[in-house]
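K.L.:
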Ligand code: S3P
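Numbering (the working numbering), first residue to last: 1093 to 1280.
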């Protein structure tokens, strides 16, 4: 069982292209914390890329691995910065597990910025499922936006023209304001 004191991780939520991995790495460096990326961990576990996992075993298998990993992290991972996959919110159990050990931070860029960042990227299997990636992304975002908002404890708007350091500064500011980390970046 987790206690409130176990809520020591910072987990980044958001749609594909919202900057979870880039901002997460920098945030971890700034806070002197370990950085973990659930997609990369699943890839290492299976020895395949996310794209290959989807192709070989299907989305359901990927979601199963993702859910298992997140429940293990809730039990064992502390004081880390975690970048989650964009579909993590599809399973309410994932959110429940994440919340037991992590503060959930949503990176929230507008659709136009997401589309710009996702253009030409070949590593997102879900975006190759519809007529074209932009239409699929827009449809998925409309479906998921309510889930991201319901799950997030802190929402960070990400604007066009801001870089990862700007996003990280906003995250740190919010964490300090809420007393989750102290001004010197040491955590509770
Ligand atoms: C997915 C997002 C991806 C990855 C997988 C499924 C999704 O992660 O987990 O391709 O359903 O949105 P990123 O958000 O890191 O691209």
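Every residue gets a Cβ at the ideal spot worked out from N, C-alpha and C, and that includes glycine.
#1: Does the Cβ of residue 1176 have 16 or more other Cβ atoms within 10 Å, making it buried, or fewer, making it exposed?
#2: Output the boundary residues of the alpha helix (DSSP H) element that contains residue 1187.
#3: Please name the residue or residues paired with residue 1101 in a DSSP beta bridge.
#4: Taking 7 angstroms as the cut-off, is the C-beta of residue 1200 nearer than that to any heavy atom in the ligand S3P?
#5: Helix or strand or just coil, what does DSSP make of residue 1244?
#6: Which stretch, first to last residue, makes up the beta strand (DSSP E) that contains residue 1181?
#7: Confirm the yes/no value for this check: CB of residue 1223, any heavy atom of the ligand S3P, distance under 7 angstroms.
#8: Straight-line CA distance for residue 1152 to residue 1267?
#9: Rounded to a whole number of angstroms, what is the C-alpha to C-alpha distance between residue 1222 and residue 1243?
P.N.:
A quick look at the data gives this:
#1: Translated into positions along the chain shown, residue 1176 becomes position 84. Residue 1176 should be labelled buried.
#2: The residue given as residue 1187 occupies position 95 in the chain shown. Judged by DSSP secondary structure, residue 1187 falls within the alpha helix (DSSP H) whose first and last residues are 1184–1193.
#3: Locating residue 1101 in the chain shown gives position 9, counting from the first residue. DSSP lists 1194 as partners of residue 1101.
#4: Residue mapping note: residue 1200 aligns to position 108 of the chain shown, counting from 1. False, no ligand heavy atom lies under 7 angstroms from that Cβ.
#5: Residue mapping note: residue 1244 aligns to position 152 of the chain shown, counting from 1. Looking at residue 1244 - three-state DSSP - the assignment turns out to be coil, as it is neither helix nor strand.
#6: Taking the chain shown and counting its residues from 1, the one referred to as residue 1181 is at position 89. Careful: residue 1181 lies outside any beta strand (DSSP E) and carries neither H nor E.
#7: Within the chain shown, the letter at position 131 stands for residue 1223. No, since every heavy atom of the ligand S3P falls outside the 7 angstroms radius drawn around the Cβ of residue 1223.
#8: On the chain shown, residue 1152 is found 60 positions in, with the first residue counted as 1. On the chain shown, residue 1267 is found 175 positions in, with the first residue counted as 1. If you take the alpha carbons of residue 1152 and residue 1267, they lie about 34 angstroms apart.
#9: Start at 1 with the first residue of the chain shown, and residue 1222 comes out as number 130. Start at 1 with the first residue of the chain shown, and residue 1243 comes out as number 151. Looking at the two C-alpha atoms, the distance is approximately 26 angstroms.
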